[in-house]
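Trainee: Dropping the structure in here first, questions after.
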Amino acid sequence: MLGDLLSLLWVPFLMCLVLTGIHAYLGFHVLAREVVFVDIALAQIAALGATAAFLIGYEMETWESYATALFATLIGALVLSLTRTRQRHVSQEAVIGVVYAVSSAGAVLIADRAPHGAEHVRAMLVGSLLAVRGPEVLKVAVLYSLIGVLHWFCRRPFFLISTDPDAAFQQGWRVRLWDLLFYGSFGVVVTSSVRIAGVLLVFSYLIVPALAATASGGTVGTRLLIGWGFGTLVSVIGMAASATFDLPTGATVVCTFGLTLLAFAVAARVFGWRPVRGRPLLASPSLRSAEKP
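Each residue of the sequence shown is one higher than the last, beginning at 9 in my numbering.
Below, the structure written as structure tokens:
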């Protein structure tokens with residue numbers, strides 16, 4: 009019985025590790041940019057695109073559905089990059105909220121016209137982790153590795169724009185263009201993740217590990233290790249609880265994220281933990297004095 013359970017959960021757990029690896033890193037950028045809900049907004053846009061494809065007749069697992077969701081997400085990325093201005097007359101978070109609300113309403117309207125639309129919307133919210141297979145994990149891992157390589161080569165403008173946009177403007181960086189590249193790559197990750205894990209779990213993997221790591225402080229490398237460790241621990245606990253109590257996997261892991269973060273905060277207060285001072289999110293001083301492109 010235990011062996012069957014382990015064989016059932018092994019592949020979904022590997023997928024959770026893949027999700028943790030990329031989303032915990034992207035979460036640092038999201039928190040630094042103070043656009044916490046950008047992930048859930050882009051995820052909802054991807055869900056809107058997939059719902060539109062579902063209405064036409066394409067199942068969520070097909071490439072047509074993925075292409076439609078990715079196209080919608082890239083349009084959302086373009087909108088977000090264009091709303092970045094040097095003088096912030098309107099909060100970008102407000103724009104993100106409007107995008108999320110409109111895309112959510114649009115998905116509901118489209119699902120209302122599609123057979124079994126309610127079940128499709130539910131699947132987009134909580135995902136289907138238990139249905140994932142080994143080849144899919146491998147494909148997603150390769151895709152996210154390529155995104156990671158892109159971010160490594162573009163780390164100077166990405167980190168500078170995330171942490172000090174005024175300096176980026178002053179140094180002559182084409183901020184909107186770099187934002188388009190950042191949000192475009194972000195959208196590829198979100199579109200791929202939401203098909204597997206659902207909107208809510210993707211948001212949790214992005215924000216909660218990065219939040220716990222940022223609260224702990226330390227260097228960038230230390231924060232990444234804490235974020236990855238936090239995400240891995242929650243994945244183990246959440247999936248074990250899901251299997252033990254026969255609960256929906258995605259929703260269980262999301263709730264586990266919330267409870268674990270609460271326990272982390274309580275322990276920090278009880279034991280008097282303080283954030284460790286370290287180097288700022290910009291990895292090196294050269295990033296601040298980078299020459300303009």
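Even glycine gets a Cβ: it sits at the ideal position worked out from N, Cα and C.
#1: Look up residue 84 in the DSSP assignment and say whether it is helix, strand or coil.
#2: CB-CB under 7 Å to residue 17, same chain, minus the five flanking residues each way: which ones, in chain order?
#3: Could you name the residues of the same chain whose beta carbon sits closer than 7 Å to that of residue 234, not counting the 5 residues immediately before and after it, in chain order?
#4: Would residue 124 be called buried (16 or more neighbouring beta carbons within 10 Å of its own) or exposed?
#5: Reducing DSSP to helix, strand and coil, say where residue 29 ends up.
#6: Thinking C-alpha only, which one of 158, 176, 111 and 132 is nearest residue 259?
#7: In terms of DSSP beta bridges, what is residue 135 paired with?
#8: Checking 8 Å against the spacing of the C-beta atoms, do residue 155 and residue 48 come in under that value?
#9: In whole angstroms, give me the CA-to-CA distance for residue 261 and residue 74.
#10: Can you list, in chain order, the residues of its chain with a C-beta nearer than 6 Å to that of residue 294? Leave out the 5 residues immediately preceding and following it.
#11: Under 8 Å between the Cβ atoms of residue 81 and residue 195?
#12: Measuring only the C-alpha atoms, how far is residue 100 from residue 23?
#13: Alpha helix (DSSP H) containing residue 217: first to last residue?
#14: Report back the beta-carbon spacing between residue 142 and residue 19 to the nearest angstrom; my notes put them in contact at under 8 Å.
#15: For the putative contact between residue 63 and residue 122, defined by C-beta atoms under 8 Å, what is the C-beta separation to the nearest angstrom?
#16: Of all the options 181, 164 and 26, which has the alpha carbon lying nearest to the alpha carbon of residue 144?
#17: By a C-beta neighbour count over all protein chains shown, 10 Å radius and 16 as the cutoff for buried, is residue 83 buried or exposed?
#18: Can we say the segment 100-112 touches the segment 172-187, given the rule of at least three CB pairs closer than 8 Å?
#19: For a test of the three-state rule: what should DSSP assign to residue 89, helix, strand or coil?
#20: Helix, strand or coil for residue 255 per DSSP?
#21: To the nearest angstrom, how far is it from the Cα of residue 255 to the Cα of residue 126?
#22: With the cut-off set at 8 Å, would you say residue 188 and residue 86 are in Cβ contact?
#23: Along the alpha helix (DSSP H) that carries residue 123, what are the first and last residues, could you check?
#24: Between the alpha carbons of residue 163 and residue 67, how many angstroms are there, rounded?
#25: Cutting at 7 Å between CB atoms, please list the residues of its own chain near residue 55, excluding the five before and the five after it.
Mentor: Taking the structure as given:
#1: helix
#2: 247 and 251
#3: 220, 221 and 224
#4: exposed
#5: helix
#6: 132
#7: Answer is none; residue 135 lacks a bridge partner.
#8: no
#9: 24 Å
#10: The pLDDT assigned to residue 294 is 41, lower than 50, so where the model puts this residue is not dependable; a value taken from the coordinates is nonetheless given after this. The answer is none, since no qualifying residue turns up.
#11: yes
#12: 32 Å
#13: 207-224
#14: 5 Å
#15: 4 Å
#16: 26
#17: exposed
#18: no
#19: helix
#20: coil
#21: 20 Å
#22: yes
#23: Residue 123 -> no alpha helix (DSSP H), and no H or E assigned at all.
#24: 36 Å
#25: 115, 132, 202 and 207
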